[in-house]
Amino acid sequence: MRSRISVKLILAVGCVTVVIVGLFSYSVLTAQHTALLSQVEHHADQLSETIKAVAKYDMLLNHREGVHRTIDVVGQQPGIRAVRIFNKEGAIIFSSDKEETVGSMVDKRAEACFACHAIDRPLERLAIPQRTRVFVGDKGVRSLGIINPIYNEPACWQASCHAHEAAQKVLGILDVTMSLKYVDQQADLNKVKLSVFAVGSVLAISLILWLFVHWMVGRPVSELVKATNIVAGGDLNYKIRMEKADELGNLATSFTDRTQRLAEVQMQLYQSEKLASLGRLAAGVAHEINNPLTGVMTFASFLLKRADHDPELKADLEVIVRETMRCREIVKGLLDFARPTPGKRTKVSANDIITHAEAVLHNQLMIKKITFEARLDPNLPDIMADRGQLEQVYLNLIVNAIDAVEENGRITVSTDHVRENGSAYVAVSVRDNGPGIPPDQIPKVFEPFYTTKGAKGTGLGLAVVWAIMEKHQGSIRIESEPGRGTAVNLRFPV
Amino acid sequence: MGRANQVLVVEDEAVVVASVQKILGSEGFAVEAAGSAEEAMQKLQTGGYGIILIDIVLPGVSGLQLTEILRKSHPRAITITFSGLATRENVIEALRCGAFDFIPKPFSFEELLGAVKRAAAVVERMDAAPAGAGRRGDGPFAGASPPPDGWEGYRFLGDHTWAKFEEDGSAVIGVDETFAAALAQAEALEFPGAFEEIKQGHVCVRITTRDKTVHLVWCALSGVVVESNAGIGGGRGDNSRTDSAFNGTWLVRVWPEQGEEEARNLRRYTQP
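Taken in sequence, the protein lines are chains W and P. Counting from 0, one number per residue, gives the positions in the first sequence under numbering that gives the first Met the number 0. Counting from 0, one number per residue, gives the positions in the second sequence under numbering that gives the first Met the number 0.
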């Protein structure tokens, strides 16, 4: 069903979108975070260098209060958590953070100290990333700390306070700790923005996808489903309205074709059924008629025998006997038609039978001044058929054509040897330039007792023709347009 | 004439009975009627009928069943069936049940007379022959000596026609002595056309005689017609297969269809 397809599709695409957007967001966030952090690091380093440079003069002059003041001031700046100096042993000498006691030791094995102090001898120059550490302070605030070793210089160990020896490489560590609150806030903001974007895009994509599926797939599919239900319910003539040229349009077209074919086949089966039941009816009726017919024939014949002396009486009785014989033939014909047996088959040439039929109807054609044209294929193969039945067929069709055309009309009968799809057929066509048959009447013409000839017609003509064609495994098709005449096309397998 | 002109008609349609009486009465036959198979059996106990005309469709016991019963109970009476529905099935079944002939309704004078006169001739011969001569239903006319090549290849459709399979694969269909008179007097013979397909249970040959009787020969075997003995009739023609009392005369040679079911409808020669 439509909803399941679109739901599946939306879920699938949605998941993929979520994953992709998620990965994207994650990498963007990470990159941003790293960039921000790196910025802070640089900023911290810069600050640290600045402090070093500023405090240097105080240190050289051994103005400890000056250094302290500098550190304090800087340490109170917003965003700066603490500035400390610890000596080469790791004891805190100065700290802007009043909660740290002077003299307490820094754990050399911790954090960034590790970078230099991992091996026995400390390294002397380090890159920024190795000098920074990110940690969560006691108050739960994330902080970045950067250490800046204070290297010994000649001016230092030559200073009058003699605090340091020449051999000492690192006099102490300036440690600046900066709060990452801003960075984190930014990061959080970014996260929110990106999340909103991600969710928004997933929703937007889903919506667009849903609309698309609904329009391009869902509606056509539900049309098709509706059509199959209607057809299953019995209406084989339902046509799907679909103008698209894509696969679904093709599906709709082929579906409609199939159902039309089915409708045709059903019609034919129905016809067969009707004719079969008509046949049974005919058999029953014929059987009944034969009894009284026997009586009439016998007594009329008797009267005829006794009427030799009276020519007028004899003539009248001859009419009766002749017409009763005719009744017998008609009933026999009806029974032959009704019988399931195939009749007598011989090799017949369609051309011969047509010529014979024309000869039989010659007078009628002349009287109505109808032009009769026979286009017969000289190399037409013979077919195994019942000669009498084929004669019936052609007589029937030509008589119908005669009845249809006006005076000076034209009837054309053509025969052809046709090859199609690997099979060979004898194709016969009876064409007239009469008024034609309206399209809605065409399926009806084969129905027994359908006639446009009023009292003259029995309506059995085309039904009989149809049955004969079926018995010969042939086919019959009518092409007609009002005003353009009618063509009856027969096909016999060879 | 004895029994030969005593006719019993078993038919429930009054008009048909009247027609039969009219036709046969004018030719010297005495016709009585029974409206049902039961009534017929009753009448047969007292009357000495030579010929019994039976309509297939009867109230109660069907005409075909009656035919079968009479074959055993009255072997010296000839049964002829007639019906308004002359389908192959009905014809074959009737002949198999022992009918001498099958007349389709409505019948003309000539058709009814043809069959009945032929039957009358057989009755006469039977009455003239030694006592105890078998009914035709047990085989060809009693006392017939076998044809030169023996009875082996012969198959019979009831008592009506026979078919013989030849070595070359074809089969001939023919009639026996009972048709001899008709053939001798034939004025017109309608044979099937060359390469025409004929079916077991259809009429294959129609004989019209000079004294205006018509005889139908029901086909014993389906097949495609290869040759017709068109020259026969009026005393001429190929009598090469004729022999003594059997006097079989072939009429049509076919390339047989060899249907299984058809073979079941035919029987071999049995000694009376």
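Beta carbons: idealized from backbone N, C-alpha and C, even for Gly. The structure displayed is predicted, hence computed values, not measured ones.
Beta carbon proximity, residue i to chain P, threshold 7 Å
i              : result
K346 (chain W) : yes
M266 (chain W) : no
L292 (chain W) : yes
H286 (chain W) : yes
N289 (chain W) : yes
T297 (chain W) : yes
F301 (chain W) : yes
Residue i, enclosing beta strand (DSSP E) - first and last residue
i              : result
A133 (chain W) : It is Val, not Ala, that sits at residue 133 (chain W) in the sequence shown. Run containing V133 (chain W): 131-135, per the beta strand (DSSP E) assignment.
L112 (chain P) : Segment 108-127 is the alpha helix (DSSP H) holding L112 (chain P); no beta strand (DSSP E) there.
F164 (chain P) : 160-164
D54 (chain P)  : 50-54
Y150 (chain W) : 141-150
N86 (chain W)  : 79-86
R409 (chain W) : 409-419
P255 (chain P) : 248-255
L7 (chain P)   : 5-9
Y424 (chain W) : 422-431
I102 (chain P) : 100-103
P492 (chain W) : 484-492
Any C-beta of chain W under 7 Å from that of residue i
i              : result
G62 (chain P)  : no
S227 (chain P) : no
E196 (chain P) : yes
S18 (chain P)  : yes
G247 (chain P) : no
E12 (chain P)  : yes
V30 (chain P)  : no
V204 (chain P) : no
V15 (chain P)  : yes
K116 (chain P) : no
K42 (chain P)  : no
G83 (chain P)  : yes
K71 (chain P)  : no
K21 (chain P)  : yes
Exposed unless 16 or more other CB atoms sit within 10 angstroms - verdict on residue i
i              : result
E495 (chain W) : Summary: the structure shown does not reach residue 495 (chain W), with chain W confined to residues 0 through 493, and so no result is reported for it.
R70 (chain P)  : buried
W214 (chain W) : exposed
P105 (chain P) : buried
C96 (chain P)  : buried
M296 (chain W) : buried
H471 (chain W) : buried
S276 (chain W) : exposed
E246 (chain W) : exposed
R344 (chain W) : buried
M125 (chain P) : buried
R117 (chain P) : buried
I4 (chain W)   : exposed
V201 (chain W) : buried
Y424 (chain W) : buried
R267 (chain P) : exposed
H41 (chain W)  : exposed
F108 (chain P) : buried
P442 (chain W) : exposed
S94 (chain W)  : buried
Residue interval of the alpha helix (DSSP H) (run including residue i)
i              : result
Q44 (chain P)  : 36-45
D96 (chain W)  : Element bounds for D96 (chain W): n/a, residue is neither H nor E.
P291 (chain W) : 246-304
A500 (chain W) : What the structure shows of chain W is the stretch from 0 to 493, and residue 500 (chain W) is not part of that stretch, so it cannot be assessed.
R63 (chain W)  : 63-75
L215 (chain P) : No alpha helix (DSSP H) holds L215 (chain P); the beta strand (DSSP E) holding it covers 213-217.
To test your reading of the DSSP string, which unbroken alpha helix (DSSP H) runs of 4 or more residues are found completely within the segment 155-205 of chain W?
none
Members of the segment 308-326 of chain W that neighbour chain P once the beta carbon cut-off is set at 7 Å
none
Beta carbons nearer than 7 Å to chain W: which residues of the segment 85-114 of chain P have them?
T86, R87, K104, P105, F106, S107, F108
Can you give me, in chain order, the residues of the segment 210-223 of chain P that have a beta carbon less than 7 Å from any beta carbon in chain W?
none
Which residues, taken in chain order from the segment 249-282 of chain W, show a beta carbon closer than 8 Å to some beta carbon of chain P?
A282
Using a Cβ cut-off of 9 Å, which residues of the segment 164-194 of chain P contact any Cβ in chain W, in chain order?
P191, G192, A193, F194
What runs of the beta strand (DSSP E), each 3 residues or longer, lie entirely inside the segment 146-208 of chain P?
153-156, 160-164, 170-174, 185-189, 202-208
Every unbroken beta strand (DSSP E) inside the segment 53-87 of chain P [3 residues or more]:
77-82
3-residue-minimum beta strand (DSSP E) runs that sit fully inside the segment 349-384 of chain W, ordered along the chain
370-374, 382-384
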